[in-house]
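Peer 1:
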Amino acid sequence: MQFKDYYQTLGVARDASADDIKHAYRRLARKYHPDLNKEAGAEERFKEVGEAYEVLGDAEKRAAYDDVGRRWQPGAEQPPPGWDSGYEFSGGGADFGGFGDHSDFFEALFGRRGAQAHRHAPPRAQDHHAKVLIDLADAYRGASRSIRLQMPAVDAQGRVSLSERQLDVAIPAGVREGQHLRLAGQGAPGFGGGPPGDLYLEVAFRPDPRWRADGRDVYLDLPVAPWEAALGADVDAPLPDGSVVRLTVPPGSAPGRKLRLKGKGIPGKTPGDLYAVLQIALPPAADDAQRQAWRELARVHGGFDPRAAQGGA
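Residue numbers for the sequence shown, in my numbering: 3 to 315.
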């Protein structure tokens with residue numbers, strides 16, 4: 003995930019005032035507006051400028067963005083852990099403002115387009131939106147989690163700070179990535195004795211080196227030895243809920259082959275499937291006996307050319 007330098011996009015300093023940011027945006031928006039500028043790349047630049055202003059022109063989004071920027075190491079290829087979660091915003095989620103599609107960076111930090119569906123008309127208080135990270139295991143078993151959220155607040159002088167609050171949240175079994183959990187009454191306070199707004203938590207799964215989710219389906223990279231792939235074998239495959247299932251690797255299995263475990267994905271009315279994707283793990287050749295074993299394998303399969311399918315001279 004690449005960090006987006008919105009200050010650089012608008013050509014303003016990091017301590018620029020709200021007026022300076024607005025003037026920079028208006029100047030660049032006129033310059034790159036696709037109705038006025040037909041040069042290649044102008045429309046893409048117009049979208050980038052719009053996205054930058056949507057963040058820096060909003061006090062809440064700017065506070066969260068600045069906090070992320072302070073923690074993101076310059077030149078780092080990987081973002082800091084949990085960089086895109088725990089920020090609470092007023093409103094039902096990202097306000098897309100008509101600028102078109104946003105970058106992955108924007109949507110990871112501020113939510114997706116679907117979050118807007120939770121807006122309510124006055125006199126109901128404003129709903130809030132935040133993104134939270136959970137473990138994939140929580141989606142299998144359900145869980146009770148204590149989460150910390152940071153809410154940007156603007157004081158009478160226009161200064162923005164992040165205040166923290168902690169909430170206990172019940173994670174239902176079967177929750178999917180991108181799904182929103184509603185916490186009734188945890189949004190903005192009500193007006194004139196009216197009811198408070200709600201808080202909508204957009205669920206995301208923490209990265210895990212073992213599993214990845216796609217909807218309700220789950221994928222596991224499963225290492226097997228060369229002889230297990232060649233001859234077939236019964237092997238154990240771990241599931242995110244902590245259980246282990248026994249599956250059969252058919253003889254002659256190639257790397258990348260998917261073995262489907264029906265109904266072993268994320269639970270639901272129609273549960274997902276788990277796909278074990280075979281990866282060939284090579285044993286070492288660290289001593290004379292091991293090297294000799296590899297030489298014998300090479301001798302027995304002397305006519306085998308692993309690159310034959312690529313052609314060549």
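Note that the Cβ used here is the ideal one computed from N, Cα and C, for glycine as well.
#1: Give the C-beta separation of PRO286 and GLN292 to the nearest angstrom, bearing in mind that I take them to be a contact with Cβ-Cβ under 8 Å.
#2: So, at 6 Å on beta carbons, what are the nonlocal neighbours of GLY187 in its own chain, with the 5 sequence-adjacent residues on each side left out?
#3: Helix, strand or coil: which one does DSSP assign to VAL302?
#4: Helix or strand or just coil, what does DSSP make of ILE23?
#5: Would a C-beta distance cut-off of 9 Å place ALA139 and LEU224 closer than the cut-off?
#6: Taking the beta carbon of GLN128 as the centre, do at least 16 other beta carbons fall within 10 Å, making it buried, or is it exposed?
#7: Skipping 5 residues on each side, what residues in its chain have a beta carbon closer than 7 Å to that of GLY84?
#8: Please identify the residue among ALA239, PHE112, ILE173 and ARG178 whose C-alpha is closest to the C-alpha of SER92.
#9: With which residues is GLU90 paired in a DSSP beta bridge?
#10: Return the CA-CA distance between ARG64 and GLU166, expressed in angstroms with no decimal places.
#11: With burial defined as no fewer than 16 other Cβ atoms inside 10 Å of the residue's Cβ, what is the status of PHE306: buried or exposed?
#12: In this structure, does DSSP put ASP37 in helix, strand or coil?
#13: What would DSSP say about TRP296, mapped onto helix, strand or coil?
#14: I'd like the span of the beta strand (DSSP E) that includes TRP213, first residue to last.
#15: Helix, strand or coil for GLU46? Go by DSSP, reduced to three states.
#16: Leaving out five residues on either side along the sequence, give the residues of the same chain with a beta carbon under 6 Å from the beta carbon of VAL70.
#17: Please check the pair ASP236 and THR250, which I expect to be a contact at CB under 8 Å, by giving their CB distance rounded to whole angstroms.
#18: Per DSSP, THR250 is paired with what?
#19: Do the CB positions of LYS133 and TYR67 come within less than 9 Å of each other?
#20: Between LEU284 and ASP275, is the Cβ-Cβ spacing less than 9 Å?
#21: What number of angstroms, rounded off, separates the C-alpha of GLU46 from the C-alpha of LEU30?
#22: Given a cut-off of 9 Å, decide if PRO240 and ARG208 are closer than it, judged by their beta-carbon atoms.
Peer 2: With the given structure in hand:
#1: 6 Å
#2: PRO198
#3: helix
#4: helix
#5: no
#6: buried
#7: LEU135
#8: PHE112
#9: ALA132
#10: 17 Å
#11: exposed
#12: coil
#13: helix
#14: 213 to 216
#15: helix
#16: TRP85
#17: 5 Å
#18: ASP236
#19: no
#20: no
#21: 12 Å
#22: no
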